[in-house]
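According to this note's numbering, the sequence shown holds residues 367 to 567 in order. Below is one structure, written out as structure tokens; the observations come after it.
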Amino acid sequence: MEEVETQKKTPTDHPILNVLKTRWSPRVFSPQPITEQQVKKLLEAGRWAPSSYNMQPWRVIWGIKGSETYDRIFDCLNEFNQGWAHSAQVLWLNAYKTDTNDDSGDENKHALHDLGLFMGNVLTQAEDIGIAVHQMAGIGATKAKKEFKFPENYVVATGVAFGHYGGNPEKLDDELQEQELKTERKRLKQQEFAFNGNFDN
Ligand SMILES: Cc1cc2nc3c(=O)[nH]c(=O)nc-3n(C[C@H](O)[C@H](O)[C@H](O)COP(=O)(O)O)c2cc1C
367 MEEVETQKKT PTDHPILNVL KTRWSPRVFS PQPITEQQVK KLLEAGRWAP
417 SSYNMQPWRV IWGIKGSETY DRIFDCLNEF NQGWAHSAQV LWLNAYKTDT
467 NDDSGDENKH ALHDLGLFMG NVLTQAEDIG IAVHQMAGIG ATKAKKEFKF
517 PENYVVATGV AFGHYGGNPE KLDDELQEQE LKTERKRLKQ QEFAFNGNFD
567 N
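Okay, here's the thing in structure tokens:
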């Protein structure tokens with residue numbers, strides 16, 4: 367596969383897909399808008415993620431900058447994330463259904479796992495069309511659940527900021543600017559998390 371230029375170095379130990387290498391999570395985005403069609407494309411990518419028993423437990427609330435929904439989602443972010451996420455062109459909230467789809471009331475123990483797969487698809491599709499994604503655990507989950515009228519058997523898990531790469535890091539405060547300008551992404555080595563045999567600390 368042809369190499370594309372990455373904005374941050376991703377020092378892989380084995381060759382991987384370019385979309386996985388070039389993706390990173392900015393905290394400042396360019397002013398280029400994201401269209402409703404592009405949002406639908408991202409949701410469509412997520413839609414085709416695999417899930418346990420095909421239960422598709424993911425639920426999404428989304429809003430484009432300038433809309434009331436965007437502002438309502440923004441109000442559900444914590445203070446830290448509100449400090450930078452305002453340059454996002456789209457904000458969304460991820461939630462999952464906590465029980466199975468058969469009315470038994472049984473817990474779907476893999477719902478959060480499957481929401482992660484959903485987001486994996488969204489991230490990969492976004493990268494392919496030059497849209498950057500920054501996921502956020504830092505939200506008021508209870509507030510968001512109430513604000514968007516989720517029934518009891520749902521958990522609001524994360525917020526997500528979308529925008530095009532190329533925002534001006536000078537718009538961030540000094541500490542975030544330093545993080546934004548780091549030139550290399552870091553990960554554990556494979557031997558720290560993958561074992562060809564017993565778990566090894
Ligand atoms: C579930 C999840 C929650 C996260 N929560 C936050 C958050 O609240 N605020 C934030 O600035 N970044 C958050 N991040 C971003 C991570 O810090 C970031 O993905 C990680 O440092 C790896 O960087 P990279 O995505 O650029 O490779 C979150 C990421 C994930 C997947």
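Every residue gets a Cβ at the ideal spot worked out from N, C-alpha and C, and that includes glycine. This one's a predicted model, so the numbers in the text were calculated from it and none came from an experiment.
- Message: Does the beta-carbon of N568, which I'm using as the reference point, lie nearer than 8 Å to any heavy atom of ligand 1?
- Response: Look at the range of the chain in this structure, 367 to 567, and you will see that residue 568 is not part of it.
Span separating the alpha-carbon of E558 from that of N567
One-based indexing of the sequence shown puts residue 558 at position 192. One-based indexing of the sequence shown puts residue 567 at position 201. Distance between the alpha carbons of E558 and N567 is about 8 Å.
Next on the checklist: Per DSSP, what are the beta-bridge partners of Q545 in this structure?
Outcome noted: Counting from one through the sequence shown, the residue named residue 545 turns up at place 179. BP columns for Q545 are empty, so no partner.
_Quick check on V522: does DSSP put it in helix, strand or coil?_
Working through the sequence shown from its first residue, we reach residue 522 at position 156. Here V522 sits in strand by DSSP.
Go ahead and pull the three-state DSSP assignment for F559. In the sequence shown, counting from the first residue as 1, residue 559 sits at position 193. Residue state, collapsed to three classes: helix.
- Item | Close Cβ partners of T549 (< 8 Å) along its chain, the five nearest in sequence each way excluded | Here residue 549 corresponds to residue number 183 of the sequence shown, with the count starting at 1. Contacts found: K374, K375.
Report task. Under 8 Å by Cβ, that's how I've got I495 and Q404 pegged, so tell me the actual separation to the nearest angstrom. Result -> Along the sequence shown, one-based indexing puts residue 495 at 129. Along the sequence shown, one-based indexing puts residue 404 at 38. Indeed, because the Cβ distance is near 7 Å, the residues count as touching under 8 Å.
**Item:** Proximity to P535 [Cα-Cα], best of L547, F528, V526, T524
**Value:** For the purposes of this step, residue 535 is taken as the residue at position 169 of the sequence shown. Nearest C-alpha to P535: L547.
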